[in-house]
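Taking it in order: structure first as structure tokens, then the write-up.
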Amino acid sequence: MDSIKVRSSQREELIEITSEVSRRLPDNGDGICVLFTQHTTCGLTINENADPEVKHDILLFLKNTIPQYYEGFKHFEHNSDAHIKSSLMGSSITVPFAQGKLLLGRWQGIYLCEFDGARERTVLMTVR
Ligand code: ZN
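Going left to right, the sequence shown walks through residues 111 to 238 as the working numbering numbers them.
Given below as structure tokens:
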């Protein structure tokens, strides 16, 4: 088991961790890589890493669709929006790898999705 520390600097942010994951893969190994977060207000996803505006648009859409303050929310921390976004993105992803390289598509990157920063997050990583 390996772990990756990720530091966010804003409340909501998509932080690419593809290179941190790649560098922890076994040399020339084949298998699957599982990434998992134990947090309830961030998530993991795979999406485009070519045009940075994609990250912007994903965050804008989520923010507009799921406002932080919504009539009827009861959770005392006032971060129910972050909990909902975390569940939508998911807390784990699985990526196959071959010869020590992630089998991501040409335009794909792995992102930690911060929804309640700024803070430090941990992503657990296991390979089989
Ligand atoms: Zn909360």
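The beta carbon of each residue, even a glycine, is placed where N, CA and C say it ideally should be.
Which residues does DSSP list as the beta-bridge partners of Phe-183? The partner list for Phe-183 (beta bridge, DSSP) is empty, contrary to what the question assumes.
Should Ile-168 and Val-233 be called a contact, given that it needs their Cβ atoms to be closer than 9 Å? No. Outside cutoff.
C-alpha distance - Asp-112 paired with Phe-183, whole-angstrom precision: If you take the alpha carbons of Asp-112 and Phe-183, they lie about 36 Å apart.
Cβ-heavy atom distance, His-185 to ligand 1, below 8 Å: Indeed, a heavy atom of ligand 1 lies less than 8 Å from the Cβ.
If the criterion is Cβ atoms closer than 9 Å, does the pair His-149 and Arg-216 meet it? The answer is no: Cβ separation not under 9 Å.
Run the proximity test for Thr-150: is its beta-carbon closer than 8 Å to any non-hydrogen atom belonging to ligand 1? Distances taken from the Cβ of Thr-150 to the heavy atoms of ligand 1 include one shorter than 8 Å.
Return helix, strand or coil for Ser-132, following the three-state DSSP convention. Ser-132 falls in the helix class under three-state DSSP.
Report whether the distance from the Cβ of Ala-192 to the nearest heavy atom of ligand 1 is below 8 Å. Yes - ligand 1 has a heavy atom lying nearer than 8 Å to the Cβ of Ala-192.
Could you tell me the distance, in whole angstroms, from the CA atom of Gln-120 to the CA atom of Gly-227? Taking the straight line joining both Cα atoms gives about 5 Å.
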